[in-house]
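Encoded as structure tokens, the structure appears first; notes follow it.
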Amino acid sequence: MDDFEPIPKRPSFWRFVIVWGLFLFFLILFRKDWLPAWHGWRDLLFVLLNGAPAQSVGPSSLESIDWYAMLRIPVNILIFCGVYLISLFVVAQFVLPVHTWQERLMAWKRLRSYLVGWHGPAVFVREGKLISRAAEEDNVYPGVALVDLRSAIVLEQTNVWALESETDGEIDDPVSKRRPPFSFRRGPASPDDQYGLTRVCGPGINFTQWGEKIRNVVDLRPQIRLESGVKAFTKDGIEIETRVFAGFSLSSPPDVIPVAYVGGSSVDDIYGLVIDEKPSGVVSISGKFSLDPEDAREIHRLVVSGGTEARPNATTAARSARSARKGPFAFDEHRIFSAAYGQAHWGSSNEKTQWHELPLLVAVEIFRNHLEQYTYDYLYMLEAPERLPWLNEIKPEFMRKVKHQGLLSFKLMRFAGSGLGAAGSPTGWDMTPLDEKHFGQSIPAASLESSPAYEFRNTHLKPLRERGIAIMFAGFAELKPQHAIRVKMAERWKAKLDLEIKTTLARNEREAMQLINNARTQVQRDATYSLSNLLKRETHSKEALALLLFQALQAAATDEKNKDLPPREILGMMQNLHRWLLVEWEESDAKRKAGRDARPPLPPGDQPRNT
14 MDDFEPIPKR
24 PSFWRFVIVW
34 GLFLFFLILF
44 RKDWLPAWHG
54 WRDLLFVLLN
64 GAPAQSVGPS
74 SLESIDWYAM
84 LRIPVNILIF
94 CGVYLISLFV
104 VAQFVLPVHT
114 WQERLMAWKR
124 LRSYLVGWHG
134 PAVFVREGKL
144 ISRAAEEDNV
154 YPGVALVDLR
164 SAIVLEQTNV
174 WALESETDGE
184 IDDPVSKRRP
194 PFSFRRGPAS
204 PDDQYGLTRV
214 CGPGINFTQW
224 GEKIRNVVDL
234 RPQIRLESGV
244 KAFTKDGIEI
254 ETRVFAGFSL
264 SSPPDVIPVA
274 YVGGSSVDDI
284 YGLVIDEKPS
294 GVVSISGKFS
304 LDPEDAREIH
314 RLVVSGGTEA
324 RPNATTAARS
334 ARSARKGPFA
344 FDEHRIFSAA
354 YGQAHWGSSN
364 EKTQWHELPL
374 LVAVEIFRNH
384 LEQYTYDYLY
394 MLEAPERLPW
404 LNEIKPEFMR
414 KVKHQGLLSF
424 KLMRFAGSGL
434 GAAGSPTGWD
444 MTPLDEKHFG
454 QSIPAASLES
464 SPAYEFRNTH
474 LKPLRERGIA
484 IMFAGFAELK
494 PQHAIRVKMA
504 ERWKAKLDLE
514 IKTTLARNER
524 EAMQLINNAR
534 TQVQRDATYS
544 LSNLLKRETH
554 SKEALALLLF
564 QALQAAATDE
574 KNKDLPPREI
584 LGMMQNLHRW
594 LLVEWEESDA
604 KRKAGRDARP
614 PLPPGDQPRN
624 T
């Protein structure tokens with residue numbers, strides 16, 4: 014960049030002017046002190062080379078040399094250098110936030126190398142981002158990196174001369190061919206100063222060595238990523254769109270899931286448990302869920318081996334920085350190292366994904382695979398609207414699948430007294446399974462015991478776990494189909510509901526007609542029974558019989574069971590009664606009239622008289 018600026022505006026020009034200007038000012042100001050020393054050194058040089066001093070300068074004997082003037086300048090220079098280095102050491106403690114003597118020494122070396130032009134990069138790392146000037150990222154000279162409490166860096170050695178053993182073969186990188194100065198070389202005699210090919214540096218001040226470059230910068234804070242417009246297909250081929258999100262971290266501890274053998278003692282009988290804690294020290298096993306087959310096999314191997322396969326976190330090739338500070342977030346070298354080097358390529362291109370991009374990519378892929386197992390009608394289930402499967406069933410299962418892709422721990426659950434050792438070791442467990450009849454029951458928390466938490470080591474088809482990423486939560490928003498699909502589905506649901514309404518109305522009408530017919534039949538049966546009893550009795554006169562008849566009709570008309578009978582039904586009953594009764598009366602009257610006409614006529618004197 015300096016090549017394109019005017020010379021007076023270049024920083025290198027002013028550095029040259031200031032340094033050499035002060036040097037010339039010093040020579041002019043102290044010429045009476047350095048000129049005698051210069052003459053003495055010149056005479057001594059001629060004596061040593063020619064055996065005699067030059068003819069143009071002073072006497073020809075060594076006694077004429079001003080030894081005091083000759084020694085005064087070197088002594089002053091040595092004193093100046095000593096005082097300067099001591100002052101530099103004192104100043105270095107206030108220039109950088111150092112705390113230990115080793116850090117003070119490293120800061121002093123960096124300031125000293127700056128004076129001779131061997132200064133390296135001075136960068137800041139803030140909130141997971143590298144803050145540096147142009148060309149500082151490619152500078153391989155010893156430098157310093159200030160990392161805040163929320164970040165970490167991974168340093169990579171690019172110079173083979175700085176390693177403990179040189180590599181064989183041809184090296185094309187000019188930076189790797191460059192040999193460091195003698196003061197920056199490290200030999201096998203100083204094992205404490207040796208570094209590996211890579212090392213992880215945490216919060217605080219970190220000093221880079223010769224040939225080291227910053228490979229990657231990571232953010233230790235919990236993070237969340239969201240992608241809008243994610244499209245997926247249901248089992249019946251309907252395209253939906255939603256937002257998918259995932260929360261993850263490199264510093265958060267992994268979740269611990271309770272697992273147990275349920276209904277058997279084989280690897281296929283290992284399930285995860287859903288345990289609900291209730292007040293007063295009571296718990297309830299509300300359900301179970303299937304585990305990844307590889308995770309289940311790892312648990313089974315651990316139980317069968319008696320816990321001998323359990324091991325602490327594997328150490329990484331990287332060494333932690335000596336100046337790492339305690340921060341609000343956990344600092345795990347292995348997880349940071351795995352995340353920094355766990356980069357994937359985008360298809361056939363050379364572009365690489367960063368570690369913080371992987372959780373969302375994995376969550377989106379799992380969401381698409383998970384959704385295609387269900388039909389669109391099942392997502393909302395109109396038959397049971399209160400159930401809402403997409404929110405209460407599918408979404409929790411999706412979050413569980415995503416979390417199991419990341420860093421995860423487990424603890425083996427058993428009922429108390431089933432074989433757990435006093436030290437909490439699974440050694441000696443007989444793998445007695447849990448009975449599902451206890452699920453849903455409230456049991457004392459003391460009746461369940463667990464093994465220590467063990468971290469899953471299986472990374473088969475689990476890129477997040479391989480990179481040390483722990484998933485805290487994951488989910489998706491409301492599922493939205495395309496507008497045309499939404500209209501079609503609404504019409505389909507409306508037609509289905511209309512059919513259900515018509516079916517219900519028809520069923521209710523049929524039941525109403527059955528009730529009316531049953532009531533009508535019962536009324537007719539009761540009326541017929543009552544009238545038949547009246548007609549069978551011959552003790553009543555016509556007037557009494559008519560009165561009883563009308564009483565029966567009044568009782569039939571005012572009966573609560575007959576309130577739904579229309580008037581024509583009552584009229585029909587009266588006509589039937591008229592036909593049954595009046596026809597018989599007419600026949601009897603006709604017979605009586607015919608008998609009266611057949612008798613002989615009365616004498617004239619016996620004719621009935623009208624009164």
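The sequence shown begins at 14 in my numbering and counts up by one.
Just so it is clear, CB atoms sit at the ideal spot from N, CA and C, and this is done for glycine as well.
- Rounded to whole angstroms, the separation of the alpha carbons of W121 and F102 is 5 Å.
- Check the Cα spacing between L109 and each of Q170, V138 and I218: the tightest is with I218.
- In the DSSP annotation of this structure, A343 is not part of any alpha helix (DSSP H), being labelled neither H nor E.
- The secondary-structure analysis by DSSP pairs A165 across a beta bridge with V231.
- Beta-bridge partners assigned by DSSP to D56: none are found.
- The alpha-carbon separation between G242 and K248 amounts to approximately 19 Å.
- DSSP places M485 in the uninterrupted beta strand (DSSP E) bounded by A483 to F489.
- Comparing alpha-carbon positions, the option among A458, I379 and P216 lying closest to G488 turns out to be I379.
- Taking all protein chains in view, the Cβ of Q418 is crowded by 16 or more other Cβ atoms within 10 Å, so the residue is classified as buried.
- For A120, the enclosing alpha helix (DSSP H) stretches over residues W114 to L128.
- Between the region 476–486 and the region 344–361, the count of Cβ pairs shorter than 8 Å is three or higher; the stretches touch.
- Following the DSSP letters along the chain, one finds N219 inside the beta strand (DSSP E) bounded by residues G217 to T221.
- Between the C-alpha atoms of L124 and H132 there is a straight-line separation of about 8 Å.
- The C-alpha of D390 lies about 11 Å from the C-alpha of A503.
- The beta-carbon separation of L447 and V275, rounded to 5 Å, stays under the 8 Å limit for a contact.
- For R314, the three-state secondary structure derived from DSSP is helix.
- Each of L304, T221, S265 and P271 was checked against the Cα of P341, and the nearest Cα belongs to S265.
- For L395, the secondary structure class from DSSP, reduced to helix, strand or coil, is coil.
- Around the beta carbon of V104, a 10 Å sphere encloses fewer than 16 other beta carbons of the protein chains shown; the residue is thus reported as exposed.
- Per DSSP, the unbroken alpha helix (DSSP H) holding G95 starts and ends at W80 to V108.
- Per DSSP, the unbroken alpha helix (DSSP H) holding V375 starts and ends at L371 to L384.
- When rounded, the separation of the alpha-carbon atoms in I86 and R146 is 41 Å.
- In this structure, D289 and S297 form a Cβ contact; the two beta carbons are roughly 5 Å apart against a cut-off of 8 Å.
- A direct Cα-Cα distance of roughly 35 Å separates I92 from E225.
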